[in-house]
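Residue numbers (my numbering): 34 to 457.
For each residue, glycine too, the CB sits at the ideal point set by N, CA and C.
Heads up, the thing below is written out as structure tokens.
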């Protein structure tokens, strides 16, 4: 007995003799670095949003026929900025830099991106501020990583975390923004980037807090959808059916964009001429259908609360797709996620008017999820984003719709750098 007691005593003493170790994941420098990046990203996003709102309200003074020369002038000015200061590139450049440039996002073209995107979005282009924010905050992550002499995966993770912080600030969905920054890198390669999920989540959370403080953002859905009550297992079938229609519309958007891309690239012309032509076309569409102007952040609520005829909804649907396609291909800067949500909401309202017995909220959310997942190939983040933005409490129908849109997407992705074989 004494021998056993002595052995136990020795064991306890050995345990006590070991130094107390705190979890290095929580108390390490890297955690503070992720948090710092989130704080900086939130400040950048908040400042960008304040300037954007100010410019939007100032430019909104011009209405009627005045929107045509206004948007033409803003397009010309944005093109001149890109021509003389530098081309910041599109979303496919960000993806390629993360995949093939060791995660380094160059910040030298941020002034061009900030100025050109502010003009394009504030004047009424059908692209939102999410892509510029992802570029700016992602490159800020790279800059901070270089400042602290990070290399390899640590630097790549910080760049991805920066992207997540910018996306989260705009949408107010830390988890959705985190997953989007990984999913947009392409599903077949996303696994190798999932080691960045915790850095991205930490940066997103801190970014959201700062952004909410700056612009006084509240918790809750942004778009006012009517209440939805689950009516049975057939709702999942309806969600898939609506998603099939949404995916078909996603194909239509992709082909429309390729059509306008062919037109704008038929002859080599300066970027400022392309943006000028784009501004004239966008202004003309906005003159006849004012609700198609802007990227849809506020216009979706206007669409949901308004009483539009079936013919007018079809016109809005068609010309909004054309407006987004022109904005994307004519050199205007911005992101197309919220505009695609607007298209999905319009399609859902059309389906409800054609078949009044169906639940309008289920149709709207399913179409919004399907078209975005079809074009961007981000079913997980699309599901979480829509659940957050619409307050749609039933998560699974959105997931069914997102997956349907994803699996019915064209084999050649809309974002070219998401292809399996990219030029290194």
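Nearest-angstrom Cβ-Cβ length linking residue i and residue j, presumed shorter than 8 Å
| i | j | result |
| --- | --- | --- |
| residue 333 | residue 375 | 5 Å |
| residue 248 | residue 83 | 7 Å |
| residue 377 | residue 404 | 5 Å |
| residue 360 | residue 160 | 5 Å |
| residue 215 | residue 229 | 7 Å |
| residue 199 | residue 167 | 5 Å |
Residue i beta carbon near the ligand ZN (any heavy atom closer than 7 Å)
| i | result |
| --- | --- |
| residue 211 | Looking at this structure, you won't find the ligand ZN or any other ligand, since it has none at all. |
Distance, residue j Cα to residue i Cα
| i | j | result |
| --- | --- | --- |
| residue 1 | residue 62 | The first residue shown for the chain is 34 and the last is 457, placing residue 1 beyond what the model contains. |
| residue 340 | residue 382 | 10 Å |
| residue 208 | residue 240 | 12 Å |
| residue 338 | residue 68 | 39 Å |
| residue 329 | residue 387 | 23 Å |
| residue 107 | residue 145 | 14 Å |
| residue 237 | residue 75 | 9 Å |
| residue 180 | residue 243 | 22 Å |
| residue 292 | residue 363 | 12 Å |
| residue 165 | residue 89 | 16 Å |
| residue 87 | residue 437 | 39 Å |
| residue 264 | residue 246 | 39 Å |
| residue 110 | residue 138 | 25 Å |
| residue 408 | residue 358 | 12 Å |
| residue 260 | residue 391 | 13 Å |
| residue 317 | residue 98 | 8 Å |
| residue 323 | residue 284 | 25 Å |
| residue 232 | residue 413 | 18 Å |
| residue 418 | residue 394 | 16 Å |
| residue 335 | residue 182 | 48 Å |
| residue 95 | residue 112 | 21 Å |
| residue 116 | residue 217 | 28 Å |
| residue 327 | residue 257 | 19 Å |
| residue 406 | residue 197 | 18 Å |
| residue 80 | residue 444 | 39 Å |
| residue 298 | residue 446 | 19 Å |
| residue 307 | residue 294 | 11 Å |
Within 8 Å, strictly: CB atoms of residue i and residue j
| i | j | result |
| --- | --- | --- |
| residue 150 | residue 410 | no |
| residue 140 | residue 173 | yes |
| residue 276 | residue 396 | no |
| residue 195 | residue 70 | yes |
| residue 350 | residue 314 | no |
| residue 281 | residue 100 | no |
| residue 85 | residue 162 | yes |
| residue 399 | residue 415 | no |
| residue 105 | residue 312 | yes |
| residue 92 | residue 155 | yes |
| residue 384 | residue 278 | yes |
| residue 352 | residue 325 | yes |
| residue 206 | residue 421 | yes |
| residue 152 | residue 175 | no |
| residue 193 | residue 148 | no |
Outcome for residue i when other beta-carbon atoms lying within 10 angstroms are tallied against a minimum of 16
| i | result |
| --- | --- |
| residue 331 | exposed |
| residue 300 | exposed |
| residue 439 | buried |
| residue 267 | exposed |
| residue 157 | buried |
| residue 345 | exposed |
| residue 184 | exposed |
| residue 177 | buried |
| residue 305 | buried |
| residue 309 | buried |
| residue 121 | buried |
| residue 303 | exposed |
| residue 189 | buried |
| residue 235 | buried |
| residue 73 | buried |
| residue 373 | buried |
| residue 428 | exposed |
| residue 77 | buried |
| residue 343 | exposed |
| residue 465 | Outside the shown range of the chain, which is 34 to 457, sits residue 465, and nothing can be said about it. |
| residue 66 | buried |
Minimum length 3: unbroken beta strand (DSSP E) runs contained in the region 231-304: Listed in chain order, the beta strand (DSSP E) elements of length 3 or more contained wholly in the region 231-304 amount to none.
Length-filtered (4 minimum) alpha helix (DSSP H) runs lying within the region 183-212: List check, alpha helix (DSSP H) in window: 185-204.
Length at least 4, wholly inside the region 302-345: the alpha helix (DSSP H) runs in chain order: If we require 4 residues or more, the alpha helix (DSSP H) runs fully inside the region 302-345 come out as 304-321, 332-338.
Every unbroken beta strand (DSSP E) inside the region 85-171 [3 residues or more]: The qualifying runs do not exist here; there are none.
In chain order, each beta strand (DSSP E) run of at least 3 residues that lies wholly inside the region 353-381: The region 353-381 contains no whole beta strand (DSSP E) run of 3 or more residues.
Every unbroken beta strand (DSSP E) inside the region 402-433 [3 residues or more]: None, since the region 402-433 contains no complete beta strand (DSSP E) of that length.
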